[in-house]
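In what follows, a single structure is set out as structure tokens and then discussed.
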Amino acid sequence: MEFSFNTFFGLEKDLTAHPEMLIFAALLIPILLMLPIALVGWIFRKLKFNMYIINVLLYTMMFTFLLGILTIFVLYFITDKNGIKLAYCWLTVFAGMFFFSLINENTITKMFADWSKLIEEKDKSRR
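Each residue of the sequence shown is one higher than the one before, starting from 944 at the first, in this note's numbering.
Next up, the structure:
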């Protein structure tokens, strides 16, 4: 059996008939996955477990939401609106954001910590 880019896990009929549903999926999947991951992260933080993989997953969802939806919108309105190709593009963005977050987790976490310190300092100086 050969791999074909005209199949997508049995959803090819739906994606071909309604490619616009991929826009909603690209918006909702990262947001809906962030909620249980954040809950697990909260539990891990309370139990003093290592937060590396939880942070990686949260950053992946955040970056996929921001850049994945932009990619899907651009491709949807510029290309031929093939839902299967759009799904593969979104999956590629998701995988890329996962590996980016996996490699740069410490840097991203430090960046957010530094931003939070700057915001707190500005807030204290205003009082």
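We put the CB at the ideal spot given by N, CA and C, even for glycine. Predicted, not measured: the structure shown is a model, and the values here were computed from it.
| query | What does a CB cutoff of less than 6 Å around residue 986 pick up in its chain, not counting 5 residues either side in sequence? | reply | Within the same chain, residue 986 has no close Cβ partners at all.
| request: Let me know the secondary structure DSSP gives residue 973 once reduced to three states. | output: Here residue 973 sits in helix by DSSP.
| query | Going by Cα to Cα distance, which pick from 970, 1056, 1068 and 1042 is closest to residue 1014? | reply | Out of 970, 1056, 1068 and 1042, 970 has the C-alpha closest to the C-alpha of residue 1014.
| residue 997, buried or exposed, once every other Cβ within 10 Å from all chains shown has been counted against 16 | Around the Cβ of residue 997, a 10 Å sphere holds 16 or more other Cβ atoms; the residue is buried.
| query | Does DSSP put residue 990 in a helix, a strand or coil? | reply | Reduced to three states, the DSSP call for residue 990 is coil.
| message | Check this for me: beta carbons of residue 1041 and residue 1011, under 8 Å apart or not? | response | For residue 1041 and residue 1011, no; Cβs fall outside 8 Å.
| Between residue 1024 and residue 962, which are expected to be in contact by the criterion C-beta below 8 Å, what is the C-beta distance as a whole number of angstroms? | Right, the Cβ-Cβ distance comes to about 5 Å (below 8 Å), so this counts as a contact.
| task | Pick helix, strand or coil for residue 1057, following the three-state DSSP scheme. | result | Note: residue 1057 maps to helix in three-state DSSP.
| task | Check residue 979 in the structure and name its three-state DSSP category. | result | Helix.
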